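Here's the structure, in structure tokens; my notes come after.
In the working numbering, the protein residues as written are 24 to 409.
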């Protein structure tokens, strides 16, 4: 097991009817900017619950944060933060709203002239403007980590940011919110969380027995509850296990003491930036090709995953490892997720070369757990996913 340090300061408030606890978490003298997305919270009752809880707190609103948090929109929100002398941020939404709020948390205290530099120069935010979250869509785990991904439409870029100052102070997780989520978004959430675990697990053995079993248990839980959640989102027990699995998939715990990959995300982000494909679906496009291309490096963990998660016990290490890739792709398809880029766009030719060129220009010359995936290898993986 590798050396590690672990600190996660986010307070989790989990369970039924917990949105009302906002009043106990936000300082009474705060001036709050309430951030949300396209307005669905005004239709499903979440907005009313939040406004009731904030009745005695000075609050300004900013809605319209899109599914891939857009830099230009967030710059408009940043102007509100400064003009209104906001002191506290509250994200009410899924990963996109929370990621956008993290950007604002960092940008509000950034000394430079151009906040986009936070992403292009990998600025780590040590202390941002405090913020909390009310999670409305389980998927990204952003409610309990310090990372974010921001999109810039004018340059067709999607870049990551983070830092120890970007953990939410608190996050409220009420599983009842999923009853109003469209099936497409539920499927995306399951796929996103599943792939988050794979990025931290599907590498090579380092003797981290407990970490492996943490990861495998999240995968097993997602597989078990996925059909229940999709059949009946009002099944509270299934919803609760789904929501907590998504949070645990990316709150930092399962990646401690083990190598992690994240190349699937790096390539997937480019597909979203170029074509607007849902984030989770880009992961399902890239992951099978990535594992096939890097088969020799990953086959021991793939075979372990086959045995422990999918109960594939027959055959050699190679046999089980390959069967695991096929079973993973089948799982995505069972959820209704297409796994080839050509399923999403007719304009896929040249995509691999474009992504490889971008990675070269950024100096991303060695991705993956061995930092050996050069841009020419990335190009081959993306072509395999056509």
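Each residue gets a CB set at the ideal place from its N, CA and C atoms; glycine is no exception.
It should be emphasised that the depicted structure is a prediction, and the values quoted were computed from it without experimental measurement.
Spell out the partners DSSP gives residue i in its beta bridges.
| i | result |
| --- | --- |
| residue 180 | 175 |
| residue 83 | 56 |
| residue 111 | 55 |
| residue 169 | Answer by DSSP bridge pairing: none, since residue 169 is not bridged. |
| residue 354 | In the DSSP output, where bridge partners are listed per residue, residue 354 has none listed. |
| residue 155 | 113 and 193 |
| residue 34 | 193 |
| residue 410 | Beyond the ends of the chain as shown, which are 24 and 409, falls residue 410; an answer cannot be given. |
| residue 185 | 147 and 170 |
| residue 93 | 174 |
How many angstroms separate the CA atom of residue i from the CA atom of residue j?
| i | j | result |
| --- | --- | --- |
| residue 189 | residue 270 | 16 angstroms |
| residue 162 | residue 341 | 31 angstroms |
| residue 261 | residue 198 | 9 angstroms |
| residue 28 | residue 66 | 42 angstroms |
| residue 266 | residue 69 | 16 angstroms |
| residue 406 | residue 79 | 55 angstroms |
| residue 202 | residue 380 | 43 angstroms |
| residue 333 | residue 349 | 11 angstroms |
| residue 97 | residue 336 | 50 angstroms |
| residue 103 | residue 145 | 25 angstroms |
| residue 324 | residue 234 | 13 angstroms |
| residue 41 | residue 355 | 32 angstroms |
| residue 140 | residue 182 | 11 angstroms |
| residue 50 | residue 157 | 16 angstroms |
| residue 62 | residue 82 | 17 angstroms |
| residue 176 | residue 77 | 33 angstroms |
| residue 71 | residue 64 | 8 angstroms |
| residue 321 | residue 287 | 14 angstroms |
| residue 73 | residue 353 | 40 angstroms |
| residue 108 | residue 132 | 12 angstroms |
| residue 294 | residue 52 | 43 angstroms |
| residue 251 | residue 160 | 16 angstroms |
| residue 106 | residue 54 | 12 angstroms |
| residue 214 | residue 135 | 37 angstroms |
| residue 347 | residue 90 | 31 angstroms |
| residue 302 | residue 408 | 15 angstroms |
| residue 180 | residue 212 | 22 angstroms |
| residue 378 | residue 184 | 19 angstroms |
| residue 209 | residue 117 | 11 angstroms |
| residue 88 | residue 99 | 10 angstroms |
| residue 60 | residue 274 | 23 angstroms |
| residue 339 | residue 384 | 41 angstroms |
Below 7 angstroms, is the gap between the Cβ of residue i and the nearest heavy atom of the ligand SAH?
| i | result |
| --- | --- |
| residue 358 | Within the structure as shown, the ligand SAH is missing, as the structure has no ligands at all. |
Grab me the residues of residue i's own chain with a C-beta within less than 8 angstroms of its C-beta, minus the 5 sequence neighbours each way, in chain order.
| i | result |
| --- | --- |
| residue 403 | 316 and 375 |
| residue 75 | 43 |
| residue 382 | 289, 388, 390, 398 and 401 |
| residue 101 | 127, 130, 131 and 138 |
| residue 45 | 73, 76, 77, 113, 155, 157 and 195 |
| residue 178 | none |
Between residue i and the rest of its own chain, which residues show a CB-CB distance below 6 angstroms, the 5 nearest in sequence each way excluded?
| i | result |
| --- | --- |
| residue 241 | 220, 268, 271 and 272 |
| residue 124 | 58, 112, 114 and 154 |
| residue 343 | 326, 329 and 335 |
| residue 264 | 244 and 248 |
| residue 32 | 190 |
| residue 305 | 291, 294 and 295 |
| residue 18 | This structure gives no information on residue 18, because the portion of the chain shown stretches from 24 to 409. |
| residue 282 | 226 and 392 |
| residue 364 | 308, 371, 408 and 409 |
| residue 192 | 153 and 155 |
Identify, in the order they occur along the chain, each residue of the same chain with its Cβ nearer than 7 angstroms to the Cβ of residue i, setting aside the five sequence neighbours on each side.
| i | result |
| --- | --- |
| residue 122 | 92, 165, 171, 172 and 173 |
| residue 39 | 197 and 199 |
| residue 237 | 276 and 277 |
| residue 187 | 149 and 169 |
| residue 284 | 222, 225, 226, 391 and 392 |
| residue 395 | 389 |
| residue 243 | 332 |
| residue 230 | 24 |
| residue 313 | 286, 287 and 404 |
| residue 280 | 24, 25, 27, 231 and 234 |
I want to see whether chain B comes within less than 8 angstroms of residue i, judged by CB atoms only; does it?
| i | result |
| --- | --- |
| residue 85 | Of the protein chains in the structure, only one exists, and it is not chain B. |
(message) Is it the case that the stretch 288 to 302 contacts the stretch 362 to 374, given that we only count it when at least three CB pairs across the two stretches are under 8 angstroms?
(response) When Cβ pairs closer than 8 angstroms are counted between the two stretches, the stretch 362 to 374 is seen to touch the stretch 288 to 302, the count reaching three or more.
(request) State whether the stretch 149 to 163 contacts the stretch 128 to 136, with contact taken as three or more CB pairs (one from each stretch) at a distance under 8 angstroms. (result) Below 8 angstroms, enough C-beta pairs join the stretch 149 to 163 and the stretch 128 to 136 to call them touching: three or more.
(request) Note down, one range per segment and in chain order, each alpha helix (DSSP H) of at least 4 residues found wholly within the stretch 240 to 286. (result) Within the stretch 240 to 286, the alpha helix (DSSP H) runs of at least 4 residues that lie entirely inside it are, in chain order, 259 to 272.
(message) Measuring CB atoms only, is the stretch 384 to 394 touching the stretch 345 to 361, in the sense that at least three cross pairs come out at less than 8 angstroms?
(response) In short, these stretches do not touch, since the Cβ pair count stays below three.
(request) Would you check if the stretch 219 to 237 and the stretch 247 to 258 touch, i.e. whether three or more CB-CB distances between them fall below 8 angstroms? (result) Contact between the stretch 247 to 258 and the stretch 219 to 237 is absent, because fewer than three Cβ pairs lie under 8 angstroms.
(message) Which runs of the alpha helix (DSSP H) at least 4 residues long sit entirely within the stretch 318 to 354? Give them in chain order.
(response) Runs found: 318 to 333.
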